[in-house]
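A.B. asks:
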Amino acid sequence: MAQANIKASRILIVDDILDNLNMLTDLLVEEGHEVKMAMSGKEALKAVKETPPDLILLDIQMPGMDGYEVCETLKSQKETRDIPVIFLSALNETRDILRGFEVGGIDYVSKPFQFREVVARVQGQLNQVQQRREIAALHEKDRQQFDQLSKMREQYMRQSVHDLKNPLTGVMLYSQTLRMLEENEFHKLPEIADGIEVSARKMHRLITDLLDLAQMQIGDNLSIFATDIVAILKKSVKSNLILAQDESIELTLAIPDEKIILQIDGHQMERVFDNLISNAIKYTLAGGKVHASLKQYNGYVEILIEDNGLGIPEDDIPHLFEAFYRVKKPSHKTKTGSGLGLSIVEAIIHQHNGKISVESAIDIGSTFIIHLPCT
Ligand code: ADP
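When you read off a place in the sequence shown, starting at 1, and then add 165, the result is the number in this note's numbering.
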């Protein structure tokens with residue numbers, strides 16, 4: 166019977182004696198394998214070229230090209246080098262067996278065949294083939310992930326250098342102005358100092374966001390504790406009240422009376438709420454409303470940050486959480502930002518096994534929705 170854990174494998178049996186071929190074929194077909202036969206070395210090489218098998222059972226003594234020669238040929242070619250070869254040997258001399266290993270054979274079975282031995286050796290080699298393939302697939306996956314990360318890093322690098330250039334040029338221009346300042350222009354000093362400070366703050370913000378994003382994506386910097394998420398949302402709304410007031414926006418909150426304790430990094434979660442609430446304020450016109458709410462249901466805590474602001478075009482929504490992505494509409498572009506905030510938010514939520522999504526309509530408003538598991 167075929168072993169349940171092994172998929173049907175393709176096996177090529179090479180022997181110039183038909184009885185041997187038939188016997189081994191019957192045995193391995195019964196084991197659930199797909200078997201091909203070849204009666205000479207030449208035929209074997211042709212069959213391998215047509216459909217490379219997972220394993221070859223190869224007789225040593227054959228007229229014309231013998232088994233050793235066939236094996237050497239297979240091992241000398243890149244495409245066939247890795248196919249394991251088990252020699253079928255009537256010769257029980259150590260010298261002949263050693264020669265088989267020297268030319269690249271992986272195992273041998275002696276004639277007359279002991280059926281259980283043949284099956285065990287074939288199965289052993291097929292297991293190894295399977296394991297090697299799985300390892301190769303894992304390496305390939307790692308390689309693809311590495312390539313993707315390298316590409317992302319390159320893109321981040323290019324974009325951040327580009328974004329740092331403007332404020333840096335600002336600082337340089339202000340310094341030049343300072344150096345050339347005449348005594349009667351000293352009243353401009355506070356304005357120049359402000360300019361330098363604004364540019365430096367922009368650079369500082371961009372650099373810290375980039376570092377945070379990188380760290381969040383690696384995900385090794387969370388400090389998880391039992392934390393009341395209701396209190397965190399409350400704190401975040403409170404700390405944004407002044408900003409909302411300055412922008413003439415009504416900021417409201419709806420939360421349950423009782424605590425909801427989750428295993429989270431409270432500091433990072435506060436960052437998520439701050440980011441979403443300050444965005445909602447930033448992208449809502451004066452006189453608008455921002456509402457934060459939290460409720461628990463079905464094993465999840467759901468947090469909504471809603472605004473009746475500018476909204477987000479449908480085409481931009483799928484890209485919103487990408488690093489450096491900013492909506493290109495002029496109404497959005499007048500607001501300063503790096504386009505990193507939402508990618509950090511998403512990375513933090515993912516690190517907490519949560520989900521974030523957005524629903525939005527232009528000139529009607531946006532709702533950012535977070536789901537965090539309660540366990
Ligand atoms: P930024 O630093 O540009 O604010 P974010 O990553 O926080 O970067 O946001 C990405 C883009 O998503 C913003 O440029 C803005 O256009 C859009 N956006 C984010 N939040 C809102 C919102 N509440 N309403 C409308 N647009 C928003």
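Where a beta carbon is used, it is the ideal one built from N, C-alpha and C, also for glycine.
Only counting runs of 4 or more residues, tell me where the alpha helix (DSSP H) segments fall wholly within the region 367–432, in order along the chain.
C.D. replies: Fully enclosed alpha helix (DSSP H) runs of 4 or longer: 394–411.
A.B. asks: Could you give the uninterrupted runs of the alpha helix (DSSP H) lying entirely in the region 233–312, keeping only those of 4 residues or more?
C.D. replies: Runs found: 259–267.
A.B. asks: Tell me which residue opens and which closes the alpha helix (DSSP H) that D184 is part of.
C.D. replies: In the sequence shown, residue 184 corresponds to position 19, counting from 1. Residues 183–195.
A.B. asks: Can you list, in chain order, the residues of its chain with a C-beta nearer than 6 Å to that of K403? Leave out the 5 residues immediately preceding and following it.
C.D. replies: Numbered from its first residue, the sequence shown carries residue 403 at position 238. Excluding residues within five positions, none has a Cβ falling inside 6 Å.
A.B. asks: CB L475 to CB H497, shorter than 8 Å?
C.D. replies: Counted from its first residue, the sequence shown places residue 475 at position 310. Counted from its first residue, the sequence shown places residue 497 at position 332. Against a cut-off of 8 Å, the Cβ pair of H497 and L475 comes out as a contact.
A.B. asks: Report the three-state DSSP secondary structure of A365 (helix, strand or coil).
C.D. replies: As a position in the sequence shown, residue 365 is number 200, starting the count at 1. Three-state DSSP puts A365 in a helix.
A.B. asks: Leaving out the 5 sequence neighbours to the left and right, which residues in its chain are closer than 7 Å to R436 when beta-carbon positions are compared?
C.D. replies: Here residue 436 refers to the residue found at position 271 when the sequence shown is read from its first residue. Excluding positions up to five away in sequence, the list reads I513.
A.B. asks: Locate the beta strand (DSSP E) running through E348, then write down its first and last residues.
C.D. replies: By 1-based counting over the sequence shown, the position of residue 348 is 183. Neither: E348 is in no beta strand (DSSP E) and is coded neither H nor E.
A.B. asks: What ranges does the beta strand (DSSP E) occupy inside the region 448–504, keeping only unbroken runs of at least 3 residues that lie completely in it?
C.D. replies: You should have 454–462, 465–472.
A.B. asks: Using the rule of at least 16 other Cβ atoms within 10 Å of the residue's Cβ for burial, across every protein chain shown, is K214 buried or exposed?
C.D. replies: As a first step, residue 214 is located in the sequence shown; it is residue number 49 there, counting from the start. Answer is exposed; the Cβ neighbour count stays below 16.
A.B. asks: On the three-state DSSP scale, how would you describe D359?
C.D. replies: The sequence position of residue 359 within the sequence shown is 194, counting from 1. Three-state result, D359: helix.
A.B. asks: Measuring CB to CB, does L416 end up less than 8 Å from Q516?
C.D. replies: Counting from one through the sequence shown, the residue named residue 416 turns up at place 251. Counting from one through the sequence shown, the residue named residue 516 turns up at place 351. No, the Cβ-Cβ distance between L416 and Q516 is not below 8 Å.
A.B. asks: Three-state secondary structure (DSSP) at T216?
C.D. replies: For this step, residue 216 is matched to residue 51 along the sequence shown. In the structure shown, T216 sits in coil (DSSP, three-state: anything other than H, G, I, E or B).
A.B. asks: Given a threshold of 16 other Cβ atoms within 10 Å of its Cβ, counted over all protein chains shown, does K367 qualify as buried or as exposed?
C.D. replies: Numbered from its first residue, the sequence shown carries residue 367 at position 202. Label assigned to K367: buried.
A.B. asks: Output the boundary residues of the beta strand (DSSP E) element that contains G544.
C.D. replies: For residue 544 there is no data in the structure shown, the boundaries of the chain being 166 and 540.
A.B. asks: Any idea what DSSP makes of S522, helix, strand or coil?
C.D. replies: For this step, residue 522 is matched to residue 357 along the sequence shown. Here S522 sits in strand by DSSP.
A.B. asks: If we ignore side chains and look at the alpha-carbon of each, how far apart do L593 and P355 end up?
C.D. replies: Not covered by the structure: residue 593. The range shown for the chain is 166 to 540.
A.B. asks: Is there a C-beta anywhere in chain B that falls below 8 Å from the one on Y448?
C.D. replies: Any reference to chain B falls outside this structure, which holds one protein chain only.
A.B. asks: Taking three-plus beta-carbon pairs below 8 Å as touching, is the region 443–451 in contact with the region 464–479?
C.D. replies: The region 443–451 vs the region 464–479: in contact.
A.B. asks: In the DSSP assignment, what are the bridge partners of V200?
C.D. replies: Here residue 200 corresponds to residue number 35 of the sequence shown, with the count starting at 1. BP columns for V200 point to I176.
A.B. asks: Following a CB-centred definition, is A445 positioned closer than 7 Å to any heavy atom of the ligand ADP?
C.D. replies: In the sequence shown, the residue the question calls residue 445 occupies position 280. Because some heavy atom of the ligand ADP lies under 7 Å away, the Cβ of A445 counts as near it: yes.
A.B. asks: Helix, strand or coil for D224? Go by DSSP, reduced to three states.
C.D. replies: Taking the sequence shown and counting its residues from 1, one reaches residue 224 at position 59. In this structure, D224 counts as strand in the three-state DSSP scheme.
A.B. asks: May I have the straight-line CA-CA distance separating A169 from L222, to the nearest angstrom?
C.D. replies: Counting from 1 along the sequence shown, the entry for residue 169 is found at position 4. Counting from 1 along the sequence shown, the entry for residue 222 is found at position 57. For A169, the predicted structure reports a pLDDT of 40, less than 50, and the residue's modelled location is therefore unreliable. A value from the coordinates is still provided. Distance between the alpha carbons of A169 and L222: 22 Å.
A.B. asks: With H, G and I counted as helix, E and B as strand and the rest as coil, what does DSSP make of S205?
C.D. replies: Here residue 205 corresponds to residue number 40 of the sequence shown, with the count starting at 1. Coil at S205, not helix or strand.
A.B. asks: If you draw a straight line from the C-alpha of K460 to the C-alpha of S315, how long is it?
C.D. replies: Here residue 460 is taken as the residue at index 295 of the sequence shown, counted from 1. Here residue 315 is taken as the residue at index 150 of the sequence shown, counted from 1. The alpha-carbon atoms of K460 and S315 are separated by roughly 40 Å.
A.B. asks: If you reduce the DSSP assignment to three classes, tell me which class H517 lands in.
C.D. replies: As a first step, residue 517 is located in the sequence shown; it is residue number 352 there, counting from the start. Coil at H517, not helix or strand.
A.B. asks: Evaluate T540 with the Cβ neighbour count: other Cβ atoms within 10 Å of its Cβ, from every protein chain shown; 16 or more gives buried, anything less gives exposed.
C.D. replies: Translated into the one-based positions of the sequence shown, residue 540 becomes position 375. T540 is exposed by the Cβ-count criterion.
A.B. asks: For I176, count neighbouring C-beta atoms within 10 Å of its own C-beta (all shown protein chains included) and say buried if the count is 16 or more, exposed if not.
C.D. replies: As a position in the sequence shown, residue 176 is number 11, starting the count at 1. Classification of I176: buried, given that the 10 Å Cβ count is 16 or more.
A.B. asks: If L253 sits next to I271, beta carbons under 8 Å apart, how far is it from one beta carbon to the other, in whole angstroms?
C.D. replies: One-based indexing of the sequence shown puts residue 253 at position 88. One-based indexing of the sequence shown puts residue 271 at position 106. That belief does not hold up - the Cβ atoms of L253 and I271 are roughly 13 Å apart, past 8 Å.
A.B. asks: Is L387 near the ligand ADP - that is, is its Cβ less than 7 Å away from at least one heavy atom of it?
C.D. replies: Counting from 1 along the sequence shown, the entry for residue 387 is found at position 222. For the ligand ADP, not one heavy atom lies less than 7 Å from the Cβ of L387.
A.B. asks: Are V466 and L537 closer than 8 Å when you measure CB to CB?
C.D. replies: Within the sequence shown, the letter at position 301 stands for residue 466. Within the sequence shown, the letter at position 372 stands for residue 537. Against a cut-off of 8 Å, the Cβ pair of L537 and V466 comes out as a contact.
A.B. asks: Can you tell me the Cα-Cα spacing of M166 and R286, whole angstroms?
C.D. replies: Translated into the one-based positions of the sequence shown, residue 166 becomes position 1. Translated into the one-based positions of the sequence shown, residue 286 becomes position 121. Legend: pLDDT at M166 = 40, less than 50; position of this residue unreliable, value from coordinates given subsequently. The straight-line gap from Cα to Cα measures roughly 15 Å.
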